[in-house]
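Read top to bottom, the protein sequences are chains B and G.
Residue numbering for the first sequence follows this note's numbering, beginning at 1 and increasing consecutively.
Residue numbering for the second sequence follows this note's numbering, beginning at 512 and increasing consecutively.
Glycine included, C-beta positions come from ideal geometry on N, C-alpha and C.
Below is one structure, written out as structure tokens; the observations come after it.
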Amino acid sequence: MQNFPILSAMLLLPLLGAVACLLSDARGARWIALATTLAVFALSIGLWIAFQIGGPQWQFAEYYPVFGRFAWALGIDGIALMLIVLTAFLMPICIAASWDSIKERVPEFMACFLFMETLMIGVFTAQDIFLFYIMFEAGLIPMYLIIGIWGGANRIYAAYKFFLYTLLGSLLMLVAMLWMVNFAGGETSIPVLMATDFPPEAQTWLWLAFFASFAVKMPMWPVHTWLPDAHVQAPTAGSVILAGVLLKMGGYGFLRFSLPMFPEASEQFIWLVFGLSMVAVIYTSLVALVQQDMKKLIAYSSVAHMAIVTLGLFAFNRQGIEGAIIVMLSHGLVSGALFLCVGVIYDRLHTREIDRYGGLSINMPKYAILFMLFTMASIGLPGTSGFVGEFLSLVGLYKVNSWVTLVATTGIILGAGYMLYLYRRVAFGELVHEDVKAMPDLSAREMALLAPIAAAVLWMGVYPESFMAPIRGDVGALVARIDRAAPVGDAQLKMGEAKPVINDEAYGEAH
Amino acid sequence: MDLASSLWLVSPELFLSVSALILLLVVAWSPEKAARLVTILSVAALFGASILLMVLAHQTEFKGGADAFDGLYRMDEFGSSAKFLIYLAAIISLMVAPRFFRDGGKYRSEYPILILFATIGMGMMVSATDMMTLYIGLELNSLSAYVLASFIRTDIRSSEAGLKYFVLGALASGMLLFGISLVYGFAGSTSFAVIGESLTGDLATGPLIGLVLVLSGLAFKISAVPFHMWTPDVYEGAPTPVTAFFASAPKVAAVAMTARVIIDAFGGQTSAWQQIIVFVALASIVLGAVAAIGQQNIKRLLAYSSINNVGFLLIGLATGTEQGISAMMFYLAIYVAMTLGAFICVLEMRDKDDRPLESLSSLAGLSQTRPGLAAAFAVFMFSLAGIPPLFGFWGKFVVFDAAVAAGMLPLAVIGIAASVIGAYYYIKVVKIIYFDDPANEIVATGHKTENGLIAVLALFVSPLGYLAIPAIAPITAAAAASLF
């Protein structure tokens, strides 16, 4: 298994599928896309099974120096593995979710999605810094087209905003990458660069350049404003992939570049990250509370969840980083599922306005149950995936700073507020609107979309070990690498001074 | 060096000159209909010259360069690779021309012959190692170009373009000549090598003014800001195949020539020219990006795009290092492919009566009426914007890599930030093609020559182009090495 170039296969398969879709008609394209994404998912399961937990850090490595200046170098660690499985898991669901709702230019749509899948898996597998950059940046093109062609009324503005925001951030990162490679004497391999110690004064600038890119991708407050626009305008499947996978690229970037390559600078800017994240947790939660548009509400909640991720990552300890990764995985599943839930009722009524619904638990009981599960997972109820990640992140953060943890926890309470408020308005109450009354419950196809995600959410909540085992070793390596710069926690436990011994005789001496 | 070997070194130019003169005689005694045949023969002549070029480049005794005519002309890897690009661009511009001019019988045999003469001039420009050779090559190219710009005599825009180009071009030539004379006065020679040896230490005011004037004249030829004003008007007015030619071959020639002048003649005066080139590069990038935003005509838009790209090319030159020149040559190769591809796409913009269309709005919804053409257009636009995985990214990559390696970080950062502005109008074209409702104006089907060329060029700038890096990189590296 280790000899078969499985990663290259996972990259090329969707690409071939994309070409096949372009040459096919609408019906054929749908089936080709579904078959391709299912095949990739099967490969990713194979990858997970074959992955040796506790084995070498980089597995399934491939190296073909075909580009002269850089190489087609692939390889994954446990963190990348989990994100690849997440991507491959969400893709068939996205394709199936667009089965009926996308009616125009189906072959192009499916081709864009498959191309996107190649690039997303490419980001997580690239072992060459420039290959990573190409994959990272190239995602702009299909996403621009997906938002712009199949999006809602204000799609063009959203597409421009998405494109230009992300581009500016990434280009600064490119200059930093060029500098790093020059510094390292032309070395482009990410594992080697991760072990390179860059001079601390240069780290400051390099960190900022990478931050410009990852903060936009993440997105962190105040550069998050492209996200609600992009989400609201994108078609359902586009939102799922955006929230489920694209946002994870920012967190992955912090894990892969900012922390291990610039530990000193990461510590130096820790308050920048904490400050922005604290603002994000509180502010975007409050904004989410007053949204009338369901997709916007979930988009703002994404920003708040991602802030928990950055807080956990910059805690510099095992609990924080593992928690952040689990939040990333969990959020990928949950927010994807929530967007699908919105898509389900949007397909029926063609509005995302919360007030137009109400009482759905009466005529759509199955829908209401699944929607509730995902709502609870988003809040972080124990037993769901959300709890595991948020709890760990906050534990890690608490070791560093209890005040920041206090603020972050407040955000989680607010999160419960806006999600429950959303759920109450959509699912409970009386059925007042005639058209809502006529909405049928979940079809078999929709059940097939949501049920696997629900299963995964519960699995991750009840037995997170399956997901934590592969990442444990890599997080350990990361923590060992950044330990020298780890901030001192504010909880300074002091040993009480021993009371002076008053009566010597009472203890006496052993004779 | 004896005459025979000198003649052998200039054999590509010689071969083209003889071919062009013979073809001129053929034209004089043949009917109008022979235009097509003359075009084919011209393409054949260019192919012949390319083969001669390759034979020369592979002769071991000429590795690293050889002088001809006592240092007036130099055959080296730098000139050869530039010339190869020029010939390629000229061949492509010739191949797409007959169809464009087909209607109304405006296509005449003079067109291919003028292109041939312009190509000879460009060959001299990139090989010149003396101000005199340089000037003669430049004028031979420019005079042919003036006539080509106004090739459709009955079209007022075309005539205007030719006249404007001529007047402004003459002004630039005057500046260049004045600069040359000043430099000659202080250095005592027109040879690049001698100028380089005699201008040492801090430049006195006289040769400094000479240097500035020479660079101004050259900046006009490469349409760099602030000498770019003619570009949009000429690009818009000239017939589209001519515009495609202007945007590709002469650009290569002028940029390569500028590099040689700067490195050979003023190589010791880095502080004097570097700030000029840095300013011109950044100004071109920013103005090329900002001014393109409001354009409604696709040819004008591409004109600003070419100004923008010249800025990126000059970043490679501004470093003054071997890596920078190599990056510049690589960028040139990719740029030629992108810009020719984009212009051939423009050539395919025709309405139901086969009349050419130029407005951006006529492209609306092209993805639904002509999906293949739309996809190619999008590939060229994203590539010009430098978005990976398209090959245009690699051009920008190597240029910025050179700038960072040379320690010019601010230049790289400003240049790269400004490229985001440029990205806006490129993706605006994609938006018009893909997001807008169909205007159904472009209904004529493509021609197989054009389609074939578009497909080849689009494949080159597609991600498959990256596989060509190991093949191209040694060539550009050798070209740069031969200059130092």
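Item: Cα-Cα separation between Ile599 of chain G and Ile826 of chain G, rounded to whole angstroms; Value: A small correction: the amino acid at residue 599 of chain G is Leu; Ile does not occupy that position in the sequence shown. The alpha-carbon atoms of Leu599 of chain G and Ile826 of chain G are separated by roughly 24 Å.
Item: Secondary structure of Ser170 of chain B, DSSP reduced to three states; Value: helix
Item: Reduced DSSP category for Pro623 of chain G - H, G, I as helix; E, B as strand; rest coil; Value: helix
Item: Inter-residue spacing [alpha-carbon to alpha-carbon] between Tyr421 of chain B and Leu289 of chain B; Value: 8 Å
Item: Identified DSSP bridge partners for Glu62 of chain B; Value: B:Leu74
Item: Coarse secondary structure for Pro985 of chain G, derived from DSSP in three states; Value: helix
Item: Closest residue to Ile146 of chain B among B:Ala230, B:Asp435, B:Gly185 (Cα-Cα distance); Value: B:Ala230
Item: Straight-line gap, His958 of chain G to Glu859 of chain G (C-alpha atoms, nearest Å); Value: 8 Å
Item: Contact test: Tyr165 of chain B Cβ vs the ligand PLP heavy atom, cutoff 8 Å; Value: Of ligands this structure carries none, so the ligand PLP is not represented either.
Item: Beta-carbon proximity of Leu688 of chain G to Phe697 of chain G, cut-off 9 Å; Value: no
Item: Expected contact under 8 Å - CB spacing of Trp207 of chain B and Ala265 of chain B to nearest Å; Value: 4 Å
Item: CB contact check: Met1 of chain B to chain G, cutoff 9 Å; Value: At Met1 of chain B the pLDDT is 47, less than 50, meaning the model places this residue with poor confidence and gives no usable figure here.
Item: Proximity of Ala989 of chain G and Ser669 of chain G at Cβ, strictly below 9 Å; Value: no
Item: Close beta carbons around Ala848 of chain G, own chain, < 6 Å, minus the five adjacent residues each side; Value: Leu968, Phe971, Val972
Item: From G:Ala730, G:Ser734, G:Ile932, G:Ala767, residue whose alpha carbon lies closest to that of Phe757 of chain G; Value: G:Ser734
Item: DSSP state of Met1 of chain B mapped onto helix, strand, coil; Value: Below a pLDDT of 50, predicted positions are generally treated as unreliable, and Met1 of chain B, at 47, falls in that range; the measurement from the model is reported next regardless. If DSSP states are grouped into helix, strand and coil, Met1 of chain B belongs with coil.
Item: Residue-level contact to chain G via CB, Phe113 of chain B, 9 Å cutoff; Value: no
Item: Beta carbon proximity, Tyr514 of chain B to chain G, threshold 9 Å; Value: Past the edges of chain B, shown from 1 to 511, lies residue 514 of chain B, and the structure says nothing about it.
Item: Cutoff 8 Å; reference Met1 of chain B; Cβ partners in own chain excluding five residues on either side; Value: Residue confidence for Met1 of chain B is low, a pLDDT of 47 falling below 50, so the modelled location carries little weight; the figure read from the coordinates is stated next. Closer than 8 Å at the Cβ level, and outside the excluded window around Met1 of chain B, lie Gly46, Ala50.
Item: Chain-ordered neighbours of Glu137 of chain B on chain G, where CB pairs are closer than 7 Å; Value: Ile898, Pro899
Item: Cβ of Ala159 of chain B within 9 Å of any chain G Cβ; Value: yes
Item: Beta-carbon proximity list for Gln57 of chain B, same chain, < 8 Å, skipping 5 on both sides; Value: Asp77, Pro191, Gly473, Asp474, Ala477
Item: Amino acids of chain G, ordered along the chain, whose beta-carbon sits closer than 7 Å to that of Gly148 of chain B; Value: Lys942, Tyr945, Phe946
Item: Chain-ordered neighbours of Val910 of chain G on chain B, where CB pairs are closer than 7 Å; Value: Neighbours of Val910 of chain G on chain B: none; closest Cβ ~10 Å, over 7 Å.
Item: In DSSP terms, what Met586 of chain G is bridged to; Value: G:Ala577
Item: Neighbour list for Trp179 of chain B in chain G, Cβ cutoff strictly below 8 Å; Value: Val915, Leu920
Item: Test: Ile826 of chain G CB closer than 9 Å to a CB of chain B; Value: no
Item: Residue of G:Pro523, G:Ser870, G:Val538 minimising C-alpha distance to Ile597 of chain G; Value: G:Pro523
Item: Sequence-distant residues of the same chain with beta carbon closer than 6 Å to Leu16 of chain B, five excluded per side; Value: none
Item: Leu259 of chain B to Thr37 of chain B span [Cα, whole Å]; Value: 32 Å
Item: Whole-Å CB distance - Thr409 of chain B paired with Leu394 of chain B, under 8 Å assumed; Value: 6 Å
Item: 9 Å Cβ cutoff met for Ile602 of chain G and Ser528 of chain G; Value: no
Item: Check whether Leu813 of chain G and Ala853 of chain G have beta carbons under 9 Å apart; Value: yes
Item: Exposure of Ser702 of chain G, with buried meaning 16 or more beta-carbon neighbours within 10 Å; Value: buried
Item: Val400 of chain B - containing alpha helix (DSSP H), residue span; Value: 385-400
Item: Candidates B:Trp459, B:Val240, B:Gly250, B:Leu193, of which the one nearest Ser513 of chain B by Cα; Value: Because chain B spans 1 through 511 in this model, residue 513 of chain B falls outside it and cannot be assessed.
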